[in-house]
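Trainee:
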Amino acid sequence: MPSGVVAIRNATILTAAGPTIRNGTIVLRDGKIVAVGANVTVPPEARVVDGTGKFVTPGVIDTHSHLGVYAAPGVDANSDGNEMTSPSTPNVWAEHSVWPQDPQFPRALSAGVTTIQILPGSANLFGGRSVVLKVVPSRTVQGMKFPAAKYGLKMACGENPKRVYAQRGLMTRMGNVAGYRTQWINAEAYRRKWDKWLAGDKKGDPPQRDLAMETLAEVLRGNILVHNHCYRADEMAQMIDIAKEFGYKIASFHHGVEAYKVADLLAANNIAASVWSDWGGFKMEAMDGVRGNLPLLQNAGVRTIVHSDDANGMQRLNQDAAKGISEGRTIGINVSEDDAIKWITINPAAALGLDDKIGSLVVGKNADVVLWDKNPFSIYARAEKVFIDGAMLFDRLDPSQRWRTDFELGYVPSERIP
Amino acid sequence: MKKTTNRVWGLGRGVAFGAALVLAMPTAAQSQTIAITGGRVHPVSGPVIENGTVLIQGGKIVSVGTNVVIPAGATRIDATGKWVTPGIVNVATTLGVVEIGAVEETNDTPARGRGDAVTASHKVWEGFNPNSPLIQVTRNDGITTVGVVPGGGLVGGQAAMVDLSDGDLAAMMLQAPIAMTADIGSKGDQVGGTRAEVLQRLRDLLADTREYMRRRADYEKNATRELAARRGDLEALIPVVQGRLPLVIDANRASEIESALNLAKEFSLKIMISGGAEAWMVAPKLAAAKVPVIVGALNNIPLSFAMLGARQENAALLQEAGATVLINGGADGFNARNVRFEAGNAVAFGLSWDAALRAVTLSPAEAFGVADRIGSLQAGREANVVIWSGDPFEPLTRAERVLVRGVDVRRPSRQDELMLRYKVLPPTYRR
């Protein structure tokens, strides 16, 4: 995509890497951030964007999305997110379900979301491989995949697998745990067999490939990151024990409405918490959700992340972060805007293993940048311009250039402004 | 996947419940005289008053303005630098009737009925639990009144409006029923049939309600043909066909909304539209018919083929066309408090700030016939008053005082207790 040189001048810049820069300038060139600060010289060839009164942040990153796999409209034919044929399906890959023409993608972009992890659903103990996408127009998922991003493995605790498989396979939390452990034992054996073959003289036939075991073995080797849907505090502790038993790491718990109850445990084990600001209550394992989850986690030193799991919520992760700041003040935990912006930028980048490339505004990183018309912690703020790899892919002030998916043509009134 | 909220909407006006009787005797707390002074007062019924005073006696507002004489002995609340508004109304919730959606025994909507999707006699408030901990969670955020609304079915049942005051349901009740709910979207599993069939079923129901009214004596003697619903449901629909009780029709596609408008004309119904994803596409017609629209402001996803035109400017475009907009959001009890952020987002997408405040206060009160009780800061209204640290639509703003009928109801909620318990780890489990 054409990027050229862009300079946003005289804006308030939340870098997610240090203190807010007032009246700052950021320069994007060839897809990278080449300068950011209060005293930056604007190159003469730059296209200058006046940021007076406006705010600049890194692109918003969501660790938990089903865009493309549960595409809109939500008809059965578009329901491609949960392979509910077995409690254990590490063999399936979300990228094989993603529909690049899902009209939810341009709406995410219009809200400043630039990178998302697409996960399989939570029906299964092992739901399958996730994929990290850039929110860009493309005919194919291959054109959206974040280059060299690690895959994730979706795992799920608690009520969902229990409910889905009550009549066929497992029906209790102890059944869930037996299911995880059995598969990890299989994966251990598979990894040993293959590692032995790879380390040997490689004569003769290699061992038979097994898609499910390949994914799990890659987790054991540290090459795939575990993203674990888990609501209850005690279940998170169980999952940590299982991870230790088999020697893998959990990158992030997801949903974690009770994460605040074991914040110390998460911090000690360096596990991120991807949570909502205040969504909960809809099922038994979600009833102890509190609006203070984010500040309580932050306060305990956990890598704290606001996630969405929802195509609407994804467009307002900044507002969720603001709710977290607000509730923190009420319960006596002061979270600065400089810390809260990390909940939707560098922290999710780290949970995806991409914090060396995206998530903060520092020289050398990808130029994924959002210009907001107001302070992003205000309810009234909207993303005005959104850059991915330095290319301006969304400009609220220029509807003629707006990304419209194939699906929308003729169906969605064209005067709509996302 | 995140469990999405049940489809519920909100609803009207109707017969007084036992509330007036109870309220005639103010409690000790309500007998207090309270003067809120120095704040930026938004009466909603009139222009903003800087440095205004709101005087409360016996649980009612007695005076609002800049020259209010404060009686000796009044409890003064200094609201200097604060914003003062009427309590926020969330017109469409399941607060008190659904505790945990997925736990059947705590879920009292929708009605099961007899499988014909008509449960007009269903008075959802009869399942209301005044002891739900979610009430405290909700009112701590400045929400003082909610519509309690049945979901599901072709005709889902009757809704009520309750104040989130202390006391039992009779004490909390503002009015019941405020409306009847119906759903004309073709959703197969719930109502069944084509859009045309669903409309015809509704017409048959309304026509047979008239028939039942005309020939009640014959009906008692079994001297009528079979009617389209049971006696109780026909009985409940009488105020609807008389145009006294609003029928709130859930419809999203523009054509469904037009069908609802035509039906209202055909049967002289008083209706409102809920859902209304594509309402902006027929905004002038809604305005001309004086049909209020209950919309959220957080949906721009073409979630179904009936919602292809969903956009966040919906509320603003309706307002611009002259239609009455009521903003709802956070239908389930756990999220009912978030309606103020829904209003804020509507402002971000073009609705004027004043219109947004009206859409969550006075407009719902007017639409459902309780504007003489709530929705504005005027003499004679219930003292449902919130003192905010700033703009009520901003997440960084806190509801510092929440008065419902003159009583400050801000107390630790179950969530507050959980947070206190786990702020220092490990917890002691002592309190």
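Protein chains in written order, with the numbering used here: chain V, 63 to 480; chain X, 137 to 567. Think of the CB as a built atom: it goes at the ideal place given N, C-alpha and C, for glycine as much as any other residue.
1) So, with DSSP's three-state summary, where would you put Arg537(X)?
2) Taking 6 Å as the cut-off, is the beta-carbon of Asp354(X) closer than that to any non-hydrogen atom of the ligand NAD?
3) Under DSSP, the beta strand (DSSP E) around Lys216(V) begins and ends at which residues?
4) Starting from the C-beta of Asp214(X), find all residues in its chain whose C-beta is less than 8 Å away, skip the five residues before and the five after it, and write them out in chain order.
5) So if I threshold CB-CB distances at 7 Å, which residues from the segment 217 to 241 of chain X count as touching chain V?
6) Could you name the residues of the segment 435 to 458 of chain X whose beta carbon sits closer than 7 Å to any beta carbon of chain V, in the order they occur along the chain?
7) Please list the partners that Gln193(X) has in chain V, where partner means a Cβ-to-Cβ separation under 7 Å.
8) By the 7 Å beta-carbon criterion, what residues does the segment 480 to 492 of chain X contribute toward chain V?
9) What residue ranges within the segment 379 to 405 of chain V form continuous alpha helix (DSSP H) runs of no fewer than 4 residues, ordered along the chain?
10) Looking only at C-alpha atoms, which of Ala210(V), Arg253(V), Asn238(V) and Asn374(V) sits nearest to Lys196(V)?
11) Among the candidates Gly121(V), Ala383(V), Val137(V) and Ile406(V), whose CA atom is the shortest distance from the CA of Val448(V)?
12) Between the C-alpha atoms of Leu215(V) and His289(V), what's the straight-line distance to the nearest angstrom?
13) Is Glu478(X) close to chain V? Criterion is C-beta to C-beta, closer than 7 Å.
14) Classify His158(V) as helix, strand or coil using the three-state DSSP reduction.
15) Quick check: is the beta carbon of Arg458(V) nearer than 7 Å to any beta carbon in chain X?
16) Taking C-alpha atoms, which residue in Ala515(X), Thr533(X), Ser525(X) and Val545(X) lies nearest to Ser199(X)?
17) Any beta-carbon of chain V closer than 7 Å to the one on Tyr558(X)?
18) Would Asp350(V) count as contacting chain X if we go by Cβ distances under 7 Å?
19) Does Gln336(X) come out as helix, strand or coil in the three-state DSSP assignment?
20) Leu300(X) touches chain V at which residues, Cβ-Cβ below 8 Å?
21) Give the DSSP bridge partners of Arg212(X), in chain order.
22) Note down, in chain order, each residue of its chain lying with its Cβ closer than 8 Å to the Cβ of Pro562(X), except the 5 sequence neighbours on either side.
23) Figure out for me which residue from Glu518(X), Asn267(X) and Val475(X) has the closest Cα to the Cα of Asp544(X).
24) Which chain V residues sit within Cβ distance under 9 Å of Phe470(X)?
25) Considering only C-alpha positions, which residue in the set Gly237(V), Asp468(V), Ala305(V) and Asp401(V) is nearest to Asn222(V)?
26) Going by C-alpha distance, which of Pro207(X), Gly505(X), Thr274(X) and Gly411(X) is nearest Ile463(X)?
27) Determine, for Arg374(V), whether the minimum Cβ-Cβ distance to residues of chain X falls below 7 Å.
28) Can you name the residues of chain V whose CB is closer than 7 Å to the CB of Arg534(X)?
29) Do you know how far the Cα of Lys426(X) is from the Cα of Lys401(X)?
30) Using C-beta distances below 7 Å, list every residue in its chain close to Ala156(X), excluding the 5 sequence neighbours before and after it, in chain order.
31) Could you tell me the boundaries of the alpha helix (DSSP H) in which Thr277(V) lies?
32) Put Ser192(V) into one of helix, strand or coil per three-state DSSP.
33) Have a look at the DSSP bridge pairing and note the partners of Pro222(X).
34) Can you name the residues of chain X whose CB is closer than 7 Å to the CB of Ser440(V)?
35) Flag Gln381(V) as yes if its beta-carbon sits less than 7 Å from any beta-carbon of chain X, otherwise no.
36) Suppose contacts are defined by Cβ-Cβ distances below 7 Å. Is Ser172(V) in contact with Phe456(V) by that definition?
Mentor: To lay it out plainly:
1) The answer is strand: DSSP assigns Arg537(X) an E or B state.
2) Summarising the ligand content, the structure contains no ligands, and the ligand NAD is consequently not present.
3) Residues Gly214 to Ala218.
4) Contacts found: Thr173 and Gly174.
5) Cβ contacts with chain V: Ile236, Gly237, Ala238 and Val239.
6) Per Cβ criterion, the list reads Asn435, Asn436, Ile437, Pro438, Leu439, Ser440, Phe441, Leu444, Gly445, Arg447 and Glu449.
7) Those within 7 Å of Gln193(X) in chain V number zero; the least Cβ separation is about 30 Å.
8) So the list reads Gly480, Asn481, Val483 and Ala484, given in the order they occur along the chain.
9) As far as the segment 379 to 405 of chain V is concerned, its whole alpha helix (DSSP H) runs of at least 4 residues are 379 to 392 and 399 to 402.
10) Measuring C-alpha to C-alpha distances from Lys196(V) to each of Ala210(V), Arg253(V), Asn238(V) and Asn374(V) identifies Ala210(V) as the nearest.
11) Comparing Cα-Cα distances from Val448(V) to each of Gly121(V), Ala383(V), Val137(V) and Ile406(V), the minimum goes to Gly121(V).
12) Whole-angstrom Cα-Cα distance: 6 Å.
13) Answer no: the Cβ-Cβ gap between Glu478(X) and chain V never drops below 7 Å.
14) In this structure, His158(V) counts as helix in the three-state DSSP scheme.
15) Arg458(V) does not count as touching chain X.
16) Answer by Cα proximity: Ala515(X).
17) Closer than 7 Å to the CB of Tyr558(X) there is at least one CB belonging to chain V.
18) So yes, Asp350(V) belongs to the interface.
19) Gln336(X): helix per DSSP, three-state reduction.
20) By Cβ distance, chain V contributes nothing, its closest Cβ being about 17 Å from Leu300(X), past 8 Å.
21) In the DSSP secondary-structure assignment, Arg212(X) is bridged to Ala171(X).
22) Cβ neighbours of Pro562(X) beyond the five flanking positions: none.
23) It is Glu518(X).
24) Those within 9 Å of Phe470(X) in chain V are Asp340, Trp341, Gly342, Gly343, Phe344, Ala348, Met349 and Gly351.
25) Minimum Cα-Cα distance from Asn222(V) among the listed residues Gly237(V), Asp468(V), Ala305(V) and Asp401(V) corresponds to Gly237(V).
26) Of the listed residues, the one whose Cα sits closest to Ile463(X) is Gly411(X).
27) It is worth fixing the name first, because residue 374(V) is Asn in this sequence and not Arg. Against chain X, the CB of Asn374(V) has a partner CB under 7 Å away; the residue lies at that interface.
28) Ordered by position in chain V, the residues that pass the 7 Å Cβ test against Arg534(X) are Ser388 and Thr392.
29) In a straight line, the C-alpha of Lys401(X) is about 12 Å away from that of Lys426(X).
30) Residue placement at Ala156(X) cannot be trusted, given a pLDDT of 37 that sits under 50; the coordinates are not used to answer.
31) For Thr277(V), the enclosing alpha helix (DSSP H) has its first and last residue at Leu273 to Leu282.
32) Three-state result, Ser192(V): coil.
33) Per DSSP, Val521(X).
34) One finds Glu530 in chain X with Cβ atoms closer than 7 Å to the Cβ of Ser440(V), taken in chain order.
35) With 7 Å as the cut-off, Gln381(V) counts as an interface residue toward chain X.
36) A contact, by the Cβ cut-off of 7 Å.
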